[in-house]
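Residue numbers (the numbering used here): -9 to 212.
Ideal placement from N, C-alpha and C gives every residue a C-beta, glycine not left out.
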């Protein structure tokens, strides 16, 4: 999915179909953000298709950089906040929602720092071994990477919903594999394979038709 523009566009179409199918299964507004993840990944992969086109000379350098910045903005700037928030909203009871607060706080802080770094430092985009590399000196460090993983995968692991735990486990395996094989292209590859794992979300929404929506309390954070 991350080896050419065609692969990104085709993958985006498949993910878009998964995303629409998932959204049709939503039964409560609290489910909406988590159910939107496959569709958001589809848009994300579609954006990277234009980055590929720019890197092979089919688009201007300015447009290529803007598309790359949009891709990184979602991957690094928004996901650490969106995923724990989506899980928190989806959790069925007050106790399980409270477990998400530390992850949401950590994700919010990580997002704010990354947004600042993406503005303060230049973004370098290039191809290496058939993968796109995104380098920003403000976000390219191990400590920040660990915080990022805790905020995203950690919130999934502590969910009361079993399929969220499975989704988190799949993403952790993907993350460790990418780190071991192609760390230099981590942003592109992890987001691509995490998008593929979105099929787990669709499978959950299909299987849980009879048990949703949960009997949520009126207060969002109650």
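Assuming residue 114 is part of the beta strand (DSSP E), what are its boundary residues? Taking the chain shown and counting its residues from 1, one reaches residue 114 at position 124. It spans 113 to 118 - the beta strand (DSSP E) in which residue 114 sits, taken as one unbroken run.
Could you check where the alpha helix (DSSP H) with residue 140 kicks off and where it finishes? The residue given as residue 140 occupies position 150 in the chain shown. Residue 140 -> no alpha helix (DSSP H), and no H or E assigned at all.
Would residue 79 pass as a contact of residue 20 if the rule is Cβ separation under 9 Å? Locating residue 79 in the chain shown gives position 89, where the first residue counts as 1. Locating residue 20 in the chain shown gives position 30, where the first residue counts as 1. Result yes, Cβ atoms of residue 79 and residue 20 sit closer than 9 Å.
Supposed close pair residue 100, residue 141 - CB separation, criterion 8 Å: Counting from one through the chain shown, the residue named residue 100 turns up at place 110. Counting from one through the chain shown, the residue named residue 141 turns up at place 151. Contact flag correct, Cβ pair sits at about 5 Å.
Less than 9 Å between the beta carbons of residue -5 and residue 43, yes or no? For the purposes of this step, residue -5 is taken as residue 5 along the chain shown, with counting starting at 1. For the purposes of this step, residue 43 is taken as residue 53 along the chain shown, with counting starting at 1. Yes, they are a contact pair.
Using the C-alpha atoms, what's the distance from residue 112 back to residue 188? Locating residue 188 in the chain shown gives position 198, where the first residue counts as 1. Locating residue 112 in the chain shown gives position 122, where the first residue counts as 1. Going by the C-alpha atoms only, they are around 31 Å apart.
Looking at residue 198 and residue 150, is the spacing between their C-beta atoms short of 9 Å? As a first step, residue 150 is located in the chain shown; it is residue number 160 there, counting from the start. As a first step, residue 198 is located in the chain shown; it is residue number 208 there, counting from the start. Taking 9 Å as the Cβ cut-off, residue 150 and residue 198 do not qualify as a contacting pair.
Where does residue 213 sit, in a helix, a strand or coil, going by DSSP? Residue 213 lies beyond the stretch modelled for the chain, which goes from -9 to 212, so this question has no answer here.
Of the residues 145, 22, 168 and 27, which one's Cα is nearest the Cα of residue 96? Your numbering for residue 96 matches position 106 in the chain shown. The option with the nearest alpha carbon to residue 96 is 145.
Please classify residue 116 as buried or exposed, where buried requires at least 16 neighbouring CB atoms within 10 angstroms. Within the chain shown, residue 116 is the residue found at index 126, counting from 1. So residue 116 ends up on the exposed side.
Sub-9 Å separation of residue 125 and residue 45 beta-carbons: Stepping through the chain shown from its first residue, residue 125 is reached at position 135. Stepping through the chain shown from its first residue, residue 45 is reached at position 55. No, Cβ-Cβ distance for residue 125 and residue 45 is not below 9 Å.
Run of the alpha helix (DSSP H) containing residue 194, from where it starts to where it stops: Mapped onto the chain shown, residue 194 falls at position 204. Counting along the chain, the alpha helix (DSSP H) containing residue 194 begins and ends at 189 to 197.
Residue 123 (DSSP reduced to helix, strand or coil): Position 133 of the chain shown, counted from the start, is the residue given in the question as residue 123. The answer is strand: DSSP assigns residue 123 an E or B state.
Quick one: measure Cβ to Cβ for residue 75 and residue 23, integer angstroms, because I've assumed they're closer than 8 Å. Here residue 75 refers to the residue found at position 85 of the chain shown. Here residue 23 refers to the residue found at position 33 of the chain shown. Residue 75 to residue 23, Cβ: 7 Å. Contact.
Which residue's Cα is closest to the Cα of residue 222: 2, 28, 0 and 3? Not covered by the structure: residue 222. The range shown for the chain is -9 to 212.
Look at the alpha carbon of residue 55 and the alpha carbon of residue 204, and state the distance between them as a whole number of angstroms. Position 65 of the chain shown, counted from the first residue, corresponds to residue 55. Position 214 of the chain shown, counted from the first residue, corresponds to residue 204. Straight-line Cα distance between these residues: approximately 43 Å.
Cβ shell of residue 194 (< 6 Å), same chain only, five flanking positions each side left out: Taking the chain shown and counting its residues from 1, the one referred to as residue 194 is at position 204. Same-chain partners within the cutoff: 153.
On the CB-based measure, 16 or more other CB atoms within 10 Å of its CB, does residue 163 come out buried or exposed? For the purposes of this step, residue 163 is taken as the residue at position 173 of the chain shown. Residue 163 is exposed by the Cβ-count criterion.
State buried or exposed for residue 3, treating a residue as buried only when at least 16 other CB atoms are found within 10 Å of its CB. Residue 3 sits at position 13 when you count from the first residue of the chain shown. Residue 3 comes out exposed.
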